[in-house]
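Residue numbers for the sequence shown follow the working numbering, beginning at 20 and rising by one.
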Amino acid sequence: MTTVIATQIRRVDYSNRDQKGKVAFYLCLWKRKGISLELFNNYWKNVHGPVCARLPGQYQYWQFHLAQNEAGIWPQTIGVDYTCTEEEQFPAIAELTFESEAERDIWFKSAAILMDDERNIFSKAIGYITNAGNSKTYIDSIPTGDPNGKLGVVKFHIMVKKSHAVSVEAFRRYMTETFAPAVIQNNSVLKFRLHLLEEVDTSRPDAPGVSHYESPEKQYQAAFEIAFANRLEMERFFASKEYAVAVQDKAKYIQRFLPFPEQAAYTFVYEGKMTLAGQRSSTVAELIVNMGATNQLREDIVSLMLEHKPISNSKGFGTC
Numbered sequence: 020m021t022t023v024i025a026t027q028i029r030r031v032d033y034s035n036r037d038q039k040g041k042v043a044f045y046l047c048l049w050k051r052k053g054i055s056l057e058l059f060n061n062y063w064k065n066v067h068g069p070v071c072a073r074l075p076g077q078y079q080y081w082q083f084h085l086a087q088n089e090a091g092i093w094p095q096t097i098g099v100d101y102t103c104t105e106e107e108q109f110p111a112i113a114e115l116t117f118e119s120e121a122e123r124d125i126w127f128k129s130a131a132i133l134m135d136d137e138r139n140i141f142s143k144a145i146g147y148i149t150n151a152g153n154s155k156t157y158i159d160s161i162p163t164g165d166p167n168g169k170l171g172v173v174k175f176h177i178m179v180k181k182s183h184a185v186s187v188e189a190f191r192r193y194m195t196e197t198f199a200p201a202v203i204q205n206n207s208v209l210k211f212r213l214h215l216l217e218e219v220d221t222s223r224p225d226a227p228g229v230s231h232y233e234s235p236e237k238q239y240q241a242a243f244e245i246a247f248a249n250r251l252e253m254e255r256f257f258a259s260k261e262y263a264v265a266v267q268d269k270a271k272y273i274q275r276f277l278p279f280p281e282q283a284a285y286t287f288v289y290e291g292k293m294t295l296a297g298q299r300s301s302t303v304a305e306l307i308v309n310m311g312a313t314n315q316l317r318e319d320i321v322s323l324m325l326e327h328k329p330i331s332n333s334k335g336f337g338t339c
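Here's what the structure looks like:
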């Protein structure tokens with residue numbers, strides 16, 4: 020039954036919903052030492068996320084909460100490095116998209132307010148940008164584009180470092196003309212989204228207690244998001260002729276390949292508007308949905324919560 024459901028889902032492609040997000044800001048985030056992973060995740064999605072969601076210019080803003088990279092899940096190609104040291108393990112990715120570089124610049128100029136909050140949860144925040152057309156969703160058969168929690172699929176965020184033997188241009192051609200086209204031909208792949216990353220701006224100043232620096236030899240040149248309905252479909256993909264074509268020249272173009280399993284995803288801005296999680300925090304949004312509290316979506320309540328406008332024409336007292 021699971022396989023039938025996966026096939027039915029694959030018939031629908033929702034990738035067009037990402038087209039307006041022309042450029043991206045893609046951040047790899049390390050937890051601050053001294054706090055638990057649970058506290059980190061809760062603070063990030065319930066406190067930091069809603070603050071960031073209020074900044075101007077965003078088209079989409081997702082938080083991806085990750086499990087640690089562990090060798091053995093992804094088939095290994097001789098000549099490609101799959102090892103991930105403890106120092107390189109990070110539990111989180113934030114992805115923000117914008118309709119133009121001008122909109123992204125507006126967000127950058129307003130984001131200084133986040134610096135004071137970074138020290139509460141992050142020890143390191145490495146931000147990559149992508150240029151127009153270099154963050155692309157090739158296929159997306161997952162109905163929910165604005166998740167607030169677990170999606171019920173097997174999903175990975177994979178960091179890719181190019182081989183020293185090839186140029187950035189040759190590496191990008193391989194990712195866009197060989198790897199991606201072969202991957203999306205396989206019906207087991209529910210989603211494939213690729214980012215071609217620019218070099219990290221190492222001149223970006225550190226925040227107190229938070230490093231924004233990554234040495235050039237440790238930077239990645241691409242990242243992609245890939246999803247399957249379940250582990251069986253994932254293994255079918257690995258055994259497919261399409262996957263064999265995708266990785267035939269992998270060692271020539273790729274030096275390191277690090278898959279990080281996704282545990283949950285949260286959306287704070289979608290189609291240029293704050294989601295319920297962006298307005299009220301992820302946990303409150305989940306409570307409202309689970310309770311079916313449609314009154315919380317009324318314009319007067321949204322206005323009260325976001326703009327602190329008093330309620331007029333009140334007809335009685337509510338229950339606290």
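Here a beta-carbon is modelled for each residue, glycine too, at the ideal position from N, C-alpha and C. Owing to the predicted nature of the structure, the values given are computational and were not obtained by experimental measurement.
- In the DSSP assignment, LYS143 falls outside any alpha helix (DSSP H) and lies within the beta strand (DSSP E) extending over 141-149.
- For ILE92, there is no enclosing beta strand (DSSP E), as DSSP gives it neither H nor E.
- A distance below 7 Å separates the beta carbons of ALA199 and LEU213.
- Of the candidates ASN314, ALA111, ILE54 and ASP159, ALA111 places its Cα closest to the Cα of ALA283.
- When the beta-carbon positions are compared, LYS269 and THR96 come within less than 7 Å of each other.
- Here ALA242 is bridged, per DSSP, to MET178 and HIS214.
- Here LEU85 has PHE109, PRO110, ALA111, ILE112, HIS176, PHE279, PRO280, GLU281 and GLN282 as same chain residues with Cβ atoms under 8 Å from its own Cβ, once five neighbours each way along the sequence are excluded.
- TYR232 and LEU46 have their C-alpha atoms some 12 Å from each other.
- Ranked by Cα distance from PRO235, the options ASP135, VAL219, LEU133 and ARG73 are led by VAL219.
- Excluding sequence positions up to five before and after GLN238, its CB lies within less than 6 Å of the CB of VAL219, all in the same chain and listed in chain order.
- Of the other Cβ atoms in all chains shown, fewer than 16 fall within 10 Å of the Cβ of ARG250; this residue is therefore exposed.
- The residues TYR285, THR286, ALA296, SER301, ALA304 and GLU305, in chain order, have a CB closer than 7 Å to that of ASN167 in the same chain once the five nearest residues on each side in sequence are set aside.
- Taken atom to atom, the span from the alpha-carbon of SER154 to that of LYS41 is near 7 Å.
- Around the beta carbon of ASP165, 16 or more other beta carbons sit within 10 angstroms, so the residue counts as buried.
- Closest in alpha carbon position to GLN240, among SER207, ARG255, VAL288 and ARG191, is ARG191.
- When the beta-carbon positions are compared, TRP63 and ILE140 come within less than 7 Å of each other.
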